[in-house]
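A short write-up of the structure that comes next.
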Amino acid sequence: MIKNFVEELTWRGMIHTVMPGAEEHLMESMRSAYVGFDPTADSLHIGNLVPIMLLAHYQRCGHKPVALVGGATGMIGDPSGKSSERNLLDEKTLRHNQEAIKNQLAHFLDFESNEANAALLVNNYDWMKSFSFLEFIRDVGKHITVNYMMAKDSVKNRISSDDSEGMSFTEFTYQLVQGYDFLHLYKEKDCSIQMGGSDQWGNITTGTELIRRISGGKGFAITCPLITKSDGSKFGKSEGGNVWLDAERTSPYKFYQYWLNTSDVDAEKYIKIFTFLNEEEINALIKEHNVAPHLRVLQKRLAEEITTMVHSKDDLENAIKASEILFGNSTGNDLKKLNEQTFLDVFEGVPLTEIARADIESGLDIIAALAEKGGFLKSNGEARRALKENSISVNKEKAQDDYRITSKDLINEKFVLLQRGKKNYFILRIV
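Shown next, in the form of structure tokens:
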């Protein structure tokens, strides 16, 4: 059954511009639509989540989503929103990245379904690689004037900006290559809609123009707003750079924390965009949140939903446990369940000292660990006083002055967490 896709996106705040006729076109029967993904890394990041959610909602509304990996266009670089050229990639790297991206998309899209609207992954390198330059300018280039291409914002901005080095011919032709993708998918896959961020409008409409001029057909464009944060900072970036969907690049703990730390204003907006919760559920959550904002109901639910989707239920539970280690009553056993990356993420910025494994194997005296060997406290006397005050813990368990640290205390075979009071942490790394 076909559901109204445009209506669904509208209440979620995910529509920027819809080409006239697109909504009616979608309500007539199942349609194919595509979104392009840049394969310059072997992971997508949360900046890609909006187009991913567009495709996921599209499939849930009964239509067929097509994810296009821009192997050919990734070799060029898109000028939209960029002020400088991109690095070009070789084919082997592109293929590796394509496979990794498909695995991430499979968390949101059903590629394996036997239904007619099963998701499809295509790579524009497959149809562009054997297209000669002469054929391209003959069969495609002649249909679009330079005047038409120059009128696009992505081109105007690059050419007119004061500090710009101008724009290479390669980047100038980008919109033609992207436009040809749309024409190719229209002819070969009956794909009549392209979706993307609002900055893609110019490139998408070059495609609809090619479909009209070369095939005499009708293609449609649907764009979503570019996501912003209420404080003006860039969405999708943390202090360490991009927030990736790959657990190796951004641990599920850090991923969870990113969403948990969202402001109230942003959480209300994001929960509509980045989850599949329905309007009724979301309105109830917003109401509950507004009664007691300090409980951060919206942020918690947002972080839970999206961490489970991108990673897994287990990863979410581990991220919640890891979050409680700093702020709740956790035990040594909870610490030992953390993998190395999560442990280091949780205690990022905590002073760390390296200790020889031999010292641990023979049993390291707690006073030496705190003072002489560890260097966390200034003297043995200060260490003894702290122990007498009962303010020292080893891996969250209180320690007395006769405690010896041995290999049974090791977290991930290499860390010991020392603590003075509630907030002062130190780490011993065993080498």
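Residue numbering for the sequence shown follows the UniProt record's numbering, beginning at 1 and increasing consecutively.
Glycine included, C-beta positions come from ideal geometry on N, C-alpha and C.
Remember, it's a predicted structure, so these values are computed and weren't measured experimentally.
Item                                                                                                                            : Value
Cut-off 7 Å between Cβ atoms - residues of its own chain near residue 217, not counting five sequence neighbours on either side : 186, 211
Proximity below 7 Å, CB of residue 14 to CB of residue 273                                                                      : yes
Rounded C-alpha distance that separates residue 23 from residue 395                                                             : 58 Å
Same chain only: Cβ atoms within 6 Å of residue 362, ignoring 5 sequence neighbours per side                                    : none
Inter-residue Cα distance where the pair is residue 383 and residue 398                                                         : 14 Å
Classification of residue 101 by the beta-carbon crowding that lies within 10 angstroms, buried from 16 upward                  : buried
For residue 232 and residue 194, believed in contact at Cβ under 8 Å, the rounded distance                                      : Not a contact, Cβ separation roughly 30 Å.
Sequence-distant residues of its chain with Cβ nearer than 6 Å to residue 332 (five each side left out)                         : 395, 396, 397
Residue 11 classed as buried or exposed, judged by whether at least 16 other C-beta atoms fall within 10 angstroms              : exposed
Residue 418, buried or exposed, once every other Cβ within 10 Å from all chains shown has been counted against 16               : buried
Straight-line gap, residue 301 to residue 118 (C-alpha atoms, nearest Å)                                                        : 29 Å
Residue nearest to residue 47 in terms of C-alpha spacing, selected from 243, 29, 421                                           : 243
Unbroken stretches of the alpha helix (DSSP H), 4 residues or longer, contained in the segment 243-324                          : 252-260, 264-273, 279-291, 297-310
When 355, 245, 351, 209 are compared against residue 423, the one with the closest alpha-carbon                                 : 351
Collapsed DSSP secondary structure at residue 180 in the structure displayed                                                    : helix
Rounded straight-line distance, which links the Cα of residue 128 to that of residue 109                                        : 26 Å
Residue 51, DSSP secondary structure in three states                                                                            : helix
DSSP state of residue 9 mapped onto helix, strand, coil                                                                         : helix
Residue 31, DSSP secondary structure in three states                                                                            : coil
Span separating the alpha-carbon of residue 330 from that of residue 234                                                        : 34 Å
Option in 414, 275, 425 with minimal Cα separation from residue 60                                                              : 275
Stretch-stretch touch, CB-based, cutoff 8 Å, three pairs: the segment 284-292 with the segment 29-40                            : no
Residue 416 - DSSP class collapsed to helix/strand/coil                                                                         : strand
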